[in-house]
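Chains as they are written, first to last, in this note's numbering: chain A, 2 to 168; chain B, 42 to 461. Beta carbons: idealized from backbone N, C-alpha and C, even for Gly.
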Amino acid sequence: MSIKGKVWKYGDDVNTDVIFPGKYTYTITDPKEMALHALEDLDSKFAKEVKKEDIVVAGRNFGCGSSREQAATCLKYAGVGAIVAKSFSRIFFRNAINQGLPLVQCKEAAGNISSGELIEINFEKGKLSCKKGVFDFPPLPELVLGILKDGGLIPHTKKILKIEKGE
Amino acid sequence: MGKTIVEKILSAHTDTDNLRVGDIIKARVDFAFANDITAPIAIKYFKESGARQVFDKKRVGLIPDHFAPNKDIKSAEQCKLLKEFAQEYEIENYFEIGKMGVEHALLPEKGLVLPGDVVVGADSHTDTSGALGAFAIGVGSTDFAAVMALGEVWLKVPSTIKFIYSGKLKKWVSGKDLILYTISKIGVDGANYKVMEFSGEVIKGLSMDSRFTICNMAIEAGAKTGIIEPDEITLEYIKGRAKRSFQIYNSDPDAHYEKIIEINVSKIEPQVAFPHLPENTKPISEAKGIKIDQSIIGSCTNGRIEDLRIAAEILKGQQVHSEVRLIIIPATQDIYLQAIREGLIEIFITAGGAVSTPTCGPCLGGYMGILAKGERAISTTNRNFVGRMGHPESEVYLASPAIAAASAILGRIASPEEVK
């Protein structure tokens, strides 16, 4: 599993209010419509210009703030193939995994990537290639990889219900 | 080696042996809940998962509180989904308007979350219930859907930072000031993925209301949750409320902590967090004089009876500044009623304040007090991000009910000392 995409680079503490403003949380339910507002209060160009498999790169504490998973959903449906950051806020981390959106936590890489460049990520090997070189990152734990491979937590739950409970 | 309270709670809720920090486990859940923003998506996913029923009808909560009472047609449709789902799946803890409160104030009050529990809420301020000695974590809608289906949640066993508070609190310094001060010391990601265990003589001397305020904002330092070991004050609070049996856990004296941070509170002044992060905190002496348009007293952080009593003490016999909107929102119906009985609501209205039925409303820029471009609010809520309470060019300053009340009177950020 690997992707190659153009980088959208941002700073530290990109919070859920700028990723997906609270005012839309009760008015928008269609993920495709959510995508139109992705990062609206941070970068008004993003939602208009982002392409499939583009990669968001950021600093520390990406996704901090509220638990709203629209923050992960809007980025996934905007086409984002992965997010690379120095660190993620924990609820955002969960939400992204649960949506089947892979995350790479790699301080060195995040600090060395520039906006607009093309980078390639191999999730199985734990390698990220960019202009400044190749960076290693620790692979995700087995249980988490299992959820990603099933396509997210709901397909994963469906599988468990089928196997364990015969539902 | 000893264990922390969180390690003990998680050990009791998983089949994994010899639990270690960093392990990814599946934990059994004692209570799970969601609100009108997070539940509708979860309901859709729950149905997609193929589950025929929720894991336990008594252990699921649905609370329309964010845009409720319904702000408009769209929010009405969202809230309707909760009601219909509760009826269809016979969920016992659905709270209709009139019985509803802000979820993190309501659930402890109703004895639905208890010491020793694993609590999963589809809202970031679920950590509030950590004040009871529960392991309470905020998650997203998908997690909540999976928990409703399976009664378990995947999680990483977190490490714990222990905070020990000692010394004597100055007048007007509250739980809110302690947590704002603590966040300013460690930063908004200072406890990312970790548990903040609050302890020491100062915490032991605090009421449950103040403890809830402290645990509520652990998330603003990135923490997985906040927790306080149960004691006599906790048990006194639980008495007559608990709907089922529960288990008390305490940290062992030789438990391993990632870090121990000692804080002497004797010199801490009331705090104000400046825009646009809760870590941008200054003592009130450096914050005075900033003109405000609105003052909000309420929310899951500071909408409890103790908060309203402090606000009333300051507002009694005073008038809200002619250019300020003071909006007071008791967090639950019981708190509202108590405030009426104690004469607090009369004080607020006589002073020129507006009192609202329980709702999260303005805290997240929902309704009931939205800021226009360029406006400033002092607020007892928990976040001051860009655009949080309205226009992206508005500003939110976070503080205690005492400061919010004093500021409402003077029309600028002010210390309670200035009006008392």
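7 Å Cβ cut-off: residues of chain B touching residue i
{"i": "Ile-161 of chain A", "result": "Leu-191"}
{"i": "Val-145 of chain A", "result": "Ile-65"}
{"i": "Leu-102 of chain A", "result": "The premise fails here: Leu-102 of chain A is roughly 11 Å from chain B at the closest Cβ pair, so nothing lies under 7 Å."}
{"i": "Asn-123 of chain A", "result": "Within chain B, no residue comes near Asn-123 of chain A; the closest Cβ sits about 22 Å away, beyond 7 Å."}
Any chain B beta carbon closer than 9 Å to residue i
{"i": "Leu-129 of chain A", "result": "no"}
{"i": "Tyr-27 of chain A", "result": "yes"}
{"i": "Cys-115 of chain A", "result": "The amino acid occupying residue 115 of chain A in the given sequence is Ser; Cys does not appear at that position. By this cut-off, Ser-115 of chain A is not an interface position."}
{"i": "Pro-140 of chain A", "result": "no"}
{"i": "His-38 of chain A", "result": "no"}
{"i": "Asp-42 of chain A", "result": "yes"}
{"i": "Ala-73 of chain A", "result": "yes"}
{"i": "Ile-84 of chain A", "result": "no"}
Per DSSP, the bridge partner or partners of residue i
{"i": "Val-57 of chain A", "result": "A:Trp-9, A:Ile-84"}
{"i": "Thr-201 of chain B", "result": "B:Val-236"}
{"i": "Arg-453 of chain B", "result": "B:Lys-332"}
{"i": "Phe-136 of chain A", "result": "A:Leu-129"}
{"i": "Asn-113 of chain A", "result": "BP columns for Asn-113 of chain A are empty, so no partner."}
{"i": "Trp-195 of chain B", "result": "B:Lys-67"}
{"i": "Asn-16 of chain A", "result": "A:Cys-65"}
{"i": "Thr-398 of chain B", "result": "In the DSSP output, where bridge partners are listed per residue, Thr-398 of chain B has none listed."}
{"i": "Thr-275 of chain B", "result": "None; Thr-275 of chain B has no bridge partner."}
{"i": "Phe-176 of chain B", "result": "B:Val-159"}
{"i": "Val-154 of chain B", "result": "In the DSSP output, where bridge partners are listed per residue, Val-154 of chain B has none listed."}
{"i": "Leu-412 of chain B", "result": "B:Gly-431"}
{"i": "Lys-300 of chain B", "result": "B:Ile-202"}
{"i": "Val-313 of chain B", "result": "B:Lys-323"}
Where the alpha helix (DSSP H) through residue i begins and ends
{"i": "Cys-120 of chain B", "result": "114-129"}
{"i": "Phe-93 of chain A", "result": "91-100"}
{"i": "Asn-257 of chain B", "result": "249-257"}
{"i": "Pro-32 of chain A", "result": "32-36"}
{"i": "Asn-343 of chain B", "result": "340-343"}
{"i": "Leu-104 of chain A", "result": "From DSSP, Leu-104 of chain A is part of no alpha helix (DSSP H) but of the beta strand (DSSP E) over 104-106."}
Boundaries of the beta strand (DSSP E) in which residue i is found, first to last residue
{"i": "Asn-123 of chain A", "result": "119-123"}
{"i": "Gln-288 of chain B", "result": "Gln-288 of chain B -> no beta strand (DSSP E), and no H or E assigned at all."}
{"i": "Tyr-438 of chain B", "result": "436-439"}
{"i": "Gly-162 of chain B", "result": "159-162"}
{"i": "Leu-367 of chain B", "result": "366-370"}
{"i": "Ala-73 of chain B", "result": "72-76"}
{"i": "Ala-418 of chain B", "result": "417-420"}
Closer than 9 Å to chain A by CB, residue i
{"i": "Asn-233 of chain B", "result": "yes"}
{"i": "His-145 of chain B", "result": "no"}
{"i": "Val-160 of chain B", "result": "no"}
{"i": "His-226 of chain B", "result": "The sequence given here has Lys at residue 226 of chain B, not His. Not an interface residue."}
{"i": "Leu-318 of chain B", "result": "yes"}
{"i": "Thr-515 of chain B", "result": "Lying before the first or after the last residue shown, residue 515 of chain B is absent from chain B, which here runs from 42 to 461."}
Amino acids of chain B, ordered along the chain, whose beta-carbon sits closer than 9 Å to that of residue i
{"i": "Pro-22 of chain A", "result": "Gly-406, Gly-428, Pro-433"}
{"i": "Asn-70 of chain A", "result": "Asn is not the amino acid found at residue 70 of chain A; the sequence shown has Glu there. Neighbours of Glu-70 of chain A on chain B, chain order: Thr-79, Ile-82, Ala-163, Val-180, Gly-181, Ser-182, Thr-183, Asp-184."}
Cross-chain neighbours of residue i in chain B, by beta carbon under 8 Å
{"i": "Ser-45 of chain A", "result": "Ordered by position in chain B, no residue passes the 8 Å Cβ test against Ser-45 of chain A, which lies about 11 Å from the chain."}
Own chain residues within Cβ distance below 6 Å of residue i, not counting five before or after
{"i": "Arg-417 of chain B", "result": "Ile-333, Asp-334, Glu-436"}
{"i": "Cys-404 of chain B", "result": "Ser-340, Thr-422"}
{"i": "Ala-59 of chain A", "result": "Tyr-11, Val-15, Ala-86"}
{"i": "Lys-44 of chain B", "result": "Asp-293, Ala-296"}
{"i": "Thr-136 of chain B", "result": "Correcting the residue type first, residue 136 of chain B is Phe in the shown sequence and not Thr. Only Ile-104 meet the Cβ criterion."}
{"i": "Gly-171 of chain B", "result": "Ala-177, Cys-256, Thr-266, Gly-267, Ile-268"}
{"i": "Pro-433 of chain B", "result": "Val-427"}
Closer than 7 Å at the beta carbon, the chain A residues around residue i
{"i": "Lys-300 of chain B", "result": "Here the premise fails: no neighbours, minimum Cβ distance about 17 Å."}
{"i": "Gln-335 of chain B", "result": "Near Gln-335 of chain B there are no residues of chain A at all, since even the closest Cβ is about 17 Å away, more than 7 Å."}
{"i": "Tyr-86 of chain B", "result": "Ile-155"}
{"i": "Phe-108 of chain B", "result": "Tyr-27"}
{"i": "Glu-89 of chain B", "result": "Ile-155"}
{"i": "Ala-443 of chain B", "result": "The contacting residues do not exist; Ala-443 of chain B stays about 26 Å from chain A at best."}
{"i": "Ala-314 of chain B", "result": "The contacting residues do not exist; Ala-314 of chain B stays about 14 Å from chain A at best."}
{"i": "Ala-172 of chain B", "result": "Those within 7 Å of Ala-172 of chain B in chain A number zero; the least Cβ separation is about 19 Å."}
Short CB-CB distance (under 9 Å) between residue i and chain D
{"i": "Trp-213 of chain B", "result": "Although the question refers to chain D, the structure presented lacks it and instead comprises the protein chains A and B."}
Per-residue contacts from residue i into chain A (C-beta, under 9 Å)
{"i": "Ile-19 of chain B", "result": "Since the first residue of chain B shown is 42 and the last is 461, residue 19 of chain B is not available in this structure."}
{"i": "Arg-424 of chain B", "result": "Asn-16, Asp-18, Gly-66, Ser-67"}
{"i": "Lys-121 of chain B", "result": "Going along chain A, no residue has its Cβ under 9 Å from Lys-121 of chain B, so there is no contact; the nearest lies around 12 Å."}
{"i": "Leu-230 of chain B", "result": "For the record, residue 230 of chain B in the displayed sequence is Asp; it is not Leu. The contacting residues are Asp-13, Asp-14, Arg-61, Asn-62, Cys-65, Ser-88, Ser-90."}
Contacts around residue i, its chain only, beta-carbon distance under 7 Å, and the 5 residues preceding and following it disregarded
{"i": "Gly-241 of chain B", "result": "Ile-205, Tyr-206, Ser-207"}
{"i": "Ile-386 of chain B", "result": "Ala-380, Val-396"}
{"i": "Tyr-278 of chain B", "result": "Met-249"}
{"i": "Ala-392 of chain B", "result": "Leu-356, Gln-359, Gln-360, Val-361"}
{"i": "Val-188 of chain B", "result": "Val-70, Ala-73, Val-161, Val-194"}
{"i": "Leu-153 of chain B", "result": "Phe-72, Gly-102, Asn-134, Lys-284"}
Chain A contact residues for residue i, given Cβ-Cβ distances below 8 Å
{"i": "Lys-115 of chain B", "result": "Tyr-27, Thr-28"}
{"i": "Lys-265 of chain B", "result": "Arg-91"}
Cβ neighbours of residue i in the same chain (closer than 8 Å, five flanking residues each side left out)
{"i": "Pro-110 of chain B", "result": "Ile-138, Thr-398, Thr-400"}
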